[in-house]
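Position one of the sequence shown corresponds to residue 1 (the UniProt record's numbering), numbered consecutively onward.
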Amino acid sequence: MFALVAALVFIGSFLLAAGTIIGMFLAYHDKMVAALTFEPIPQETPVYRLRISRRRASPSARQAAPAFAAAVLAA
1 MFALVAALVF
11 IGSFLLAAGT
21 IIGMFLAYHD
31 KMVAALTFEP
41 IPQETPVYRL
51 RISRRRASPS
61 ARQAAPAFAA
71 AVLAA
């Protein structure tokens with residue numbers, strides 16, 4: 001008796017799963033076909049034109065002082 005109930009539960013769950021799969025396939029068939037045959041519109045790659053300009057430093061009239069003069073003498 002247990003084997004008969006187990007077999008009926010197994011067959012019932014299998015039929016429910018198969019019915020769900022077939023039902024979803026029928027419900028979304030048009031969307032699946034549209035997704036598989038979709039070809040996106042080709043777009044041109046964007047071209048970025050950049051112009052970078054910066055001002056050059058003007059030559060200074062002052063003399064450059066050596067950095068860390070005291071540290072050099074201490075070493």
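Where is the CB? At the ideal position from N, CA and C, for every residue including glycine.
This structure is a prediction, so every number in the text was calculated from the model and none was measured.
Residue i in three-state terms, based on DSSP
{"i": "F10", "result": "helix"}
{"i": "F38", "result": "coil"}
{"i": "I52", "result": "coil"}
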